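Structure record follows, encoded as structure tokens.
Numbering (this note's numbering), first residue to last: 14 to 181.
Structure, rendered in structure tokens:
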């Protein structure tokens with residue numbers, strides 16, 4: 014069994030979701046949202062760092078996945094989101110975890126079957142794949158979707174590694 018944390022980076026709300034993966038079986042563990050506090054950007058980033066560090070320490074994931082940042086019309090907004098994404102990658106890396114990165118369309122295609130699904134569709138499909146999970150909001154649902162995406166995509170490298178070892 015592998016415990017995976019998915020992280021949906023955001024400067025105001027950073028979603029996180031944790032699942033256990035055993036073969037093709039996915040089990041919800043926990044989810045939530047880290048909300049930044051502080052008067053300036055540095056303090057907001059620090060608050061996200063501290064909150065996410067506590068989440069990783071509490072739930073002890075063994076792998077991490079983060080959504081890639083897409084560039085939008087607002088360059089300053091994209092840059093700030095990139096800084097929050099840096100926190101989302103730094104915290105698991107400090108805990109010694111490998112961090113997978115997935116484009117938003119790849120996450121949606123994996124979980125919903127359509128690359129341009131809306132948030133309501135993502136939430137619905139996450140609830141279908143993790144029955145009984147009480148989801149803390151759209152950012153947490155997106156984070157769980159990222160963890161699910163990682164669970165599906167992480168299987169292939171394991172097979173390739175096993176085949177390579179068998180040939181050696």
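Backbone N, C-alpha and C define an ideal beta-carbon position, used for all residues, glycine too. Note that the structure is predicted; figures quoted are calculated from it, not measured.
With a threshold of 6 Å on Cβ separation, who are the neighbours of residue i within its own chain once the five nearest residues in sequence on each side are excluded?
i	result
residue 20	29, 79, 101 and 156
residue 163	17, 78 and 113
residue 47	27, 61, 64 and 65
residue 136	154
residue 170	At residue 170 the pLDDT is 48, less than 50, meaning the model places this residue with poor confidence and gives no usable figure here.
residue 82	94, 95 and 98
Since residue i contacts residue j with CB under 8 Å, what's their CB separation in whole angstroms?
i	j	result
residue 15	residue 76	6 Å
residue 158	residue 139	5 Å
residue 105	residue 68	Actually they are not in contact, since the Cβ atoms of residue 105 and residue 68 sit about 10 Å apart, beyond 8 Å.
Would you call the CB atoms of residue i and residue j closer than 8 Å?
i	j	result
residue 45	residue 153	yes
residue 32	residue 161	yes
residue 133	residue 24	no
residue 94	residue 144	no
residue 41	residue 111	no
residue 57	residue 49	yes
residue 118	residue 128	yes
residue 121	residue 108	no
Going along the chain, which residues of its own chain have a beta-carbon closer than 8 Å to the beta-carbon of residue i, five neighbours each way excluded?
i	result
residue 165	123
Just grab the DSSP bridge partners of residue i for me.
i	result
residue 118	Looking at the DSSP assignment, residue 118 forms no beta bridge with any residue, so it has no partner.
residue 43	31
residue 80	115
residue 21	28
residue 48	26
residue 15	34
Less than 7 Å between the CB of residue i and some heavy atom of the ligand ZN, yes or no?
i	result
residue 87	This structure lacks the ligand ZN, and indeed carries no ligand of any kind.
Give every residue of the same chain whose Cβ lies closer than 7 Å to the Cβ of residue i, excluding the five residues on either side of it in the sequence, and list them in chain order.
i	result
residue 176	Because residue 176 sits at a pLDDT of 37, beneath the cut-off of 50, its placement in the model cannot be relied upon, and the following sentence gives the value as read from the coordinates. Once the five neighbours on either side are set aside, residue 176 has no close Cβ partner at all.
residue 43	31 and 72
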